[in-house]
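For reference, the structure discussed in these notes is given below.
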């Protein structure tokens with residue numbers, strides 16, 4: 596039988612010990628962040644010199660993988676698009692347009708599932724009774740507008756249309772063109788269903804815009820049980836007085852995605 600004296604020598608896990616451990620963890624994180632501060636001052640988008648979070652262990656399996664591209668459309672990716680003034684600098688910095696094309700080409704060459712999750716607004720969508728800040732802006736500048744869900748009248752070459760260089764990949768009769776998402780995430784379209792029906796549970800995610808539709812797709816796909824790798828230079832975002840959307844997205848990609856890969860890395864894996 597144990598005595599009280601015996602219990603005095605057993606290790607105890609107390610709230611005080613937990614708090615002490617948390618404080619030590621925070622101190623370590625602060626130290627690591629400080630050590631990489633100089634490198635990130637030169638390039639705020641660069642990976643941390645000494646990461647605190649565990650490295651990715653995602654291994655791409657082509658038999659169950661898909662490339663998913665959000666909003667590969669003129670309004671986001673072309674100087675003729677209505678959002679170019681907000682996103683153009685980030686798109687050019689990341690070479691996003693060319694990188695997305697490289698991803699399409701590599702995915703087709705590897706014969707994996709490819710899906711596009713587009714963004715369209717119809718006249719009835721402009722009757723919404725409430726909207727967030729970016730929704731208000733998109734409706735104000737007629738971003739992604741189509742005349743009707745049942746008509747392609749005026750669609751060809753409009754801001755809602757796909758970038759011309761992507762059309763050979765998207766319109767090959769094999770690419771899944773999902774129903775449109777309406778705000779940011781795929782909760783309102785059939786992307787998850789289409790991927791499940793193709794036996795996909797790994798997603799390589801790219802497209803526009805980093806901290807809006809791309810990040811929202813990442814979050815929902817993770818919640819749905821998919822393994823998600825985001826392509827860091829296969830996306831871009833608005834850079835506004837309110838904040839740098841690309842930098843905000845990178846933080847969340849690093850915190851949540853199963854992997855954060857470059858286009859070069861993905862092309863090599865698919866090759």
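Residue numbers (the working numbering): 596 to 866. All residues carry an ideal CB built from backbone N, CA and C; glycine is no exception. In this text, all values refer to a predicted model and were calculated from it rather than measured experimentally.
Where residue i sits in the DSSP three-state scheme
i, result
"residue 753", "coil"
"residue 834", "strand"
"residue 767", "coil"
"residue 743", "strand"
"residue 819", "coil"
"residue 605", "Because residue 605 carries a pLDDT of 40, less than 50, the predicted location of this residue cannot be relied on, and the following value inherits that uncertainty. Correct three-state label for residue 605: coil."
"residue 716", "strand"
"residue 722", "helix"
"residue 737", "coil"
"residue 813", "helix"
"residue 851", "helix"
"residue 864", "helix"
Rounded distance between the beta-carbons of residue j and residue i, thought under 8 Å
i, j, result
"residue 712", "residue 783", "Contact doesn't hold; Cβ gap of about 10 Å is too wide."
"residue 786", "residue 710", "6 Å"
"residue 673", "residue 853", "Contact flag wrong, Cβ pair sits at about 31 Å."
"residue 739", "residue 733", "7 Å"
Cross-strand partners of residue i (DSSP beta bridge)
i, result
"residue 789", "Answer is none; residue 789 lacks a bridge partner."
"residue 797", "660, 822"
"residue 856", "826"
"residue 776", "714"
"residue 839", "834"
"residue 802", "665"
Burial state of residue i, where buried means 16 or more other Cβ atoms lie within 10 Å
i, result
"residue 741", "buried"
"residue 723", "exposed"
"residue 689", "buried"
"residue 638", "exposed"
"residue 719", "exposed"
"residue 686", "buried"
"residue 829", "buried"
"residue 598", "A caution first: residue 598 carries a pLDDT of 42, below 50, which makes its placement in the model too unreliable to give a value."
"residue 721", "exposed"
"residue 656", "exposed"
"residue 645", "exposed"
"residue 804", "buried"
"residue 848", "buried"
"residue 654", "exposed"
"residue 756", "buried"
"residue 781", "buried"
What are the uninterrupted segments assigned as alpha helix (DSSP H) that are 4 or more residues long and contained completely in the stretch 626-713, given in chain order?
-> 632-637, 669-672, 679-689, 691-705
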